[in-house]
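These notes concern the structure reproduced below.
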Amino acid sequence: MAATCCTELGKKYFCCLNEAFITDPEIDEVDVIPCLDCYGKQNKETENPIVLVNHKLGIKSSCLRPLFLFAYEKLLGRRRERKRDYSLSVTETVQLSRAVLLVNAECYTVWNIRKELISAGILSLEDDIKFSALVLSKHPRSAETFAHRRWTIGQLEKHKGQNEFVHCCLRSELAISLRAAESYADNYTAWSHRSWLVERFMKDMKKRLFCELQVMRKWTERHISDNCGFHHKQVLLKYLKNVCSNSEVIHLLLSELEFTSDLILTFPGHEVVWYHRRFVYYFWNQFCTAGTSLGTLQEVSGSLKIGDDNSSENCNRTSRSPSSTIPSLFDLASASFNLLRELKFGFNSWTSVTKELTNDRFVPLSTPSELRFCNDVITRCQSEVQRRCASNYKQWLLLQSKYSANDCNVARSSSGEAATESWQEMFV
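Residue numbering for the sequence shown follows my numbering, beginning at 9 and increasing consecutively.
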């Protein structure tokens, strides 16, 4: 008797849901309306389970269980029982799958049913993409929904071509992923989807990568503790390294270092920003030691002049942090150039350079500036969390310096002649 009553209620709610989509085909958001007396003695026979206002759909929480059980059992029950004589109409299949996924977006089998309908040409790709965006408005972390959406995008790309998709659909797809990231903090699935879009459609497009980096700059300013957002920014920097000149990459890294300095000083105690600074330091260190020429560093250090209006334009600098004794990033670029100039002109032979490199006091580029930055934060800041973050970063810097020195010793002992030729070419 109870099962029959639940089935009847589920059928009633299912019909109400279908009527809502018929009344307003442009529904763009769905959510659950909490019902305080869901388990009380309310009259479920007469209650209205659906609220529809301005293309926004609300479903009362008391209706979810009977609605899901009815739709799921009717859609998958016969398939589970392997009764081949039972079939649903196309319209009913689409409606039932819609009801199931709006309640539980992780039902992978139902997403596969929709894939079958798309492959058969019964369900249009545009309608399915629109529906999955609606599901993400309620379930922004649904990995199955994003996976299905990537499959649908692949099918749409085959039909329209990559250039047409980039021109017509990429902007809206990026907006959907950003909306999902806004809805849930540290939304790994949404940021992974966005990184997939960048890798598939944007990784060789310099202008689009710069635009995406600007979007992420604004995002990270407003979401200081969102680690996934900072990680996506790191992905962008890696792709930009492949399409930009050396001087442009150095400008980007110096700008990013200054940006993290501003965030650290303006919003103390956010560990995510310190971890991002580790990445920027490591990326800078690897890039500069991978063969950045002396002329490139000279060009950059010459273009970044204190008080020059072009310096803020070149590096997209912000001016939120107050003036202090913390070394500027101009000092960092100048120190890098001066060190290379000293190595080039201050030693008369390769033996002298080798002695300097084997000195325990030798550290990679920018390490002294970063250590001074940490010491200044530890000395001046009153926040215990901020001082702890600075101390951890300082310890990490010292470990990196130690490992770098050991790697240099191993590399010289294993391939001394090759290293000698490389350094001689660099300082000629």
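No residue lacks a Cβ here, since even glycine has one placed at the ideal position from N, Cα and C.
Just so you know, these numbers come straight off a predicted model, no measurement behind them.
Alpha helix (DSSP H) segment containing residue i, residue limits
i, result
"Lys241", "235-251"
"Asp136", "133-146"
"Val98", "98-111"
"Gln170", "170-176"
"Glu34", "Note, Glu34: premise wrong, no alpha helix (DSSP H); not H, not E."
"Cys115", "First-last for Cys115: undefined, no H or E at that position."
"Tyr128", "Residue identity differs from the one stated: residue 128 is Ala in this sequence, not Tyr. Looking at the DSSP string, Ala128 is not in any alpha helix (DSSP H), and its letter there is neither H nor E."
"Ile232", "Neither: Ile232 is in no alpha helix (DSSP H) and is coded neither H nor E."
"Phe267", "254-274"
"Glu378", "375-388"
"Ser391", "Taken as a continuous stretch (DSSP letters only), Ser391 belongs to no alpha helix (DSSP H), as it is neither H nor E."
"Ala193", "Looking at the DSSP string, Ala193 is not in any alpha helix (DSSP H), and its letter there is neither H nor E."
Closest residue to residue i among the options (Cα-Cα distance)
i, options, result
"Thr197", "Ser185, Lys214, Thr228", "Ser185"
"Gln294", "Asn56, Ser269, Phe209, Lys246", "Lys246"
"Asn171", "Glu190, Ser200, Met213, Pro74", "Met213"
"Arg285", "Asn250, Tyr192, Lys226, Cys382", "Cys382"
"Ser140", "Ile41, Arg230, Arg106", "Arg106"
"Lys215", "Trp227, Leu248, Gln242, Arg202", "Leu248"
"Val251", "Arg179, Asn120, Leu217, Ile126", "Leu217"
"Ser269", "Lys19, Ile137, Asp384, Ile130", "Asp384"
"Ile35", "Val59, His231, Arg73, Ala193", "Val59"
"Cys43", "Lys68, Asn26, Lys20, Asp136", "Lys68"
"Leu84", "Thr387, Leu72, Ser70, Val102", "Val102"
"Leu110", "Thr99, Leu75, Ser97", "Leu75"
"Leu260", "Trp292, Ile232, Glu229, Leu271", "Trp292"
"Val393", "Glu378, Ile272, Lys410, Tyr411", "Ile272"
"Lys64", "Asp39, Ser70, Arg73", "Asp39"
"Arg396", "Pro276, Asp234, Tyr21, Thr375", "Pro276"
"Arg500", "Trp204, Gln390, Thr274", "The structure shown does not extend to residue 500, since the chain is modelled only from 9 to 436, so the question has no answer here."
"Phe267", "Ser255, Asn254, Leu221", "Leu221"
"Val438", "Ala128, Ile258, Cys177", "Here the chain has residues from 9 to 436 only, and residue 438 is not among them."
"Asp194", "Lys166, Ser203, Asp234", "Asp234"
"Tyr21", "Cys389, Tyr289, Leu144, Cys71", "Cys71"
"Ile121", "Lys146, His147, His156", "His156"
"Leu205", "Val243, His147, Ile386", "Val243"
"Lys19", "Val108, Arg179, Cys176, Glu134", "Val108"
"Tyr290", "Asp135, Ser409, Leu77, Pro57", "Ser409"
"Glu37", "Leu133, Lys123, Ser145", "Ser145"
"Trp404", "Arg187, Arg388, Phe287, Leu104", "Phe287"
"Ile232", "Leu178, Glu190, Asp136", "Glu190"
"Phe78", "Glu124, Leu25, Asn62, Glu264", "Leu25"
"Ala183", "Lys166, His201, Val257", "His201"
"Thr375", "Tyr401, Ser391, Leu133", "Tyr401"
"His167", "Ile126, Ala188, Leu104", "Ile126"
"Trp159", "His147, Asp136, Thr387", "Asp136"
"Leu133", "Val143, Gly162, Gly66", "Gly162"
"Leu142", "Glu81, Ser255, Gly66, Ile386", "Gly66"
Per DSSP, cross-strand counterpart(s) of residue i
i, result
"Lys68", "Ile41"
"Ile58", "Ile67"
Test: residue i CB closer than 8 angstroms to a CB of chain E
i, result
"Val251", "As a matter of chain content, chain E is missing from the structure shown, which is built from one protein chain."
Subject >> Sufficient close CB pairs (3 or more, under 8 angstroms) joining the region 231-239 to the region 277-286 >> reply: yes
**OP:** Evaluate the contact criterion for the region 111-119 versus the region 27-35: three or more CB pairs, one atom per stretch, below 8 angstroms.
**Re:** no
Original post:
If we count Cβ pairs, one from each stretch, closer than 8 angstroms, do we get three or more for the region 164-182 versus the region 149-156?
Top reply: no
Subject >> Segment contact, 8 angstroms Cβ cut-off, at least three pairs: the region 222-229 with the region 203-212 >> reply: no
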